[in-house]
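Please read the structure below before turning to the comments.
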Amino acid sequence: MPMYMLESLVKSDWFYWTSKQLAYQFGRQFYGLKAFGSEKIPKEGGLVIASNHISTWDPPFLAGPVPREIHFMAKMELFENPWSRLLMLGLRAFPVNRHEIDVGAIKNSLRRLNAGLAIGIFAQGTRNSGDAQPFDGAAFLATRASVPLQPAAIWRFGREYRVSFGEPIQPTADHRKDLTKVTRELMKRVDLLLPNEAN
């Protein structure tokens with residue numbers, strides 16, 4: 017099959033929702049995946065979902081219980097291989113350069129938010145054990161686009177995975193003046209979603 021036909025296929029709604037449900041069921045079956053608080057997620061309108069990051073399973077396991085599309089930021093290296101790029105496009109991901117301020121990725125994010133889509137960001141920028149300093153990116157996008165900022169947390173309970181969503185942070189004029197304050201509030205809410213042993 018020609019590459020342009022494959023790209024058309026993976027960009028279809030069918031591919032996205034089928035892949036999302038397969039990944040979610042895989043997580044439930046083999047990793048005991050359980051989700052809490054998905055009813056707190058706004059069903060429509062622009063939204064920034066920000067979570068900690070612990071493994072490569074985080075994007076599909078976080079997206080699975082969410083009843084809408086999530087457009088994740090993904091490191092640009094994943095778009096260099098044509099097959100990996102196809103998968104990323106099919107999962108509604110878009111590239112970001114993690115090593116500098118990526119103006120293109122910021123504009124791409126704002127376009128999607130202004131179009132009423134949900135953006136997924138791992139606030140600490142890369143996989144870690146939970147002790148990395150958060151980035152201001154999620155807070156910046158939410159306040160700039162005037163959309164809710166949804167805290168989320170993912171952790172492991174033995175071999176099993178847990179995902180939890182908190183109450184969204186509604187951006188205000190004060191938030192736009194102090195992104196650090198918004199980021200601290202975001203990480204505080206993420207920490208509250210995590211069990212003590214995961215903090």
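First residue of the sequence shown? That's 17 in my numbering, and the numbers climb one at a time after it. In this text, a Cβ means the ideal position worked out from N, Cα and C, and glycines have one as well. All values reported here derive from a predicted model rather than from experimental measurement.
Going by CA-CA distance only, name the one from the options that's closest to residue i.
i	options	result
residue 52	180, 204, 196	180
residue 182	188, 120, 121, 207	207
residue 29	78, 86, 71, 45	86
residue 203	173, 168, 123, 110	168
residue 175	43, 160, 101, 21	43
residue 124	93, 77, 109	109
residue 60	134, 178, 152	134
residue 54	117, 84, 164, 122	84
residue 172	191, 209, 152	209
residue 104	200, 153, 31, 195	31
residue 200	70, 152, 189	152
residue 100	191, 194, 117, 19	19
residue 139	33, 49, 70	70
Under 7 Å between the Cβ atoms of residue i and residue j?
i	j	result
residue 64	residue 157	yes
residue 161	residue 198	no
residue 127	residue 91	no
Tell me, to the nearest whole angstrom, how far the beta carbon of residue i is from that of residue j; I am working on the premise that it is less than 8 Å.
i	j	result
residue 170	residue 68	6 Å
residue 80	residue 40	3 Å
residue 95	residue 111	5 Å
residue 184	residue 56	7 Å
residue 58	residue 164	6 Å
residue 177	residue 88	That belief does not hold up - the Cβ atoms of residue 177 and residue 88 are roughly 17 Å apart, past 8 Å.
Does any residue of chain D bring its CB to less than 7 Å from the CB of residue i?
i	result
residue 34	This model lacks chain D altogether; it includes just one protein chain.
Please classify residue i as buried or exposed, where buried requires at least 16 neighbouring CB atoms within 10 angstroms.
i	result
residue 25	exposed
residue 205	buried
residue 106	buried
residue 36	buried
residue 66	buried
residue 131	exposed
residue 21	exposed
residue 121	buried
residue 159	buried
residue 117	exposed
residue 27	exposed
residue 144	Residue confidence for residue 144 is low, a pLDDT of 47 falling below 50, so the modelled location carries little weight and cannot support an answer.
residue 129	buried
At which residue ranges does the stretch 116-195 contain complete alpha helix (DSSP H) runs of 4 or more residues, listed in the order of the chain? Within the stretch 116-195, the runs of alpha helix (DSSP H) at least 4 residues long that lie entirely inside it are, in chain order, 119-130, 153-161, 189-193.
With a floor of 3 residues, list each beta strand (DSSP E) that falls wholly inside the stretch 31-97, ordered by position along the chain. Secondary structure remark: continuous beta strand (DSSP E) runs of at least 3 residues inside the stretch 31-97, in chain order: 50-52, 63-67, 86-91.
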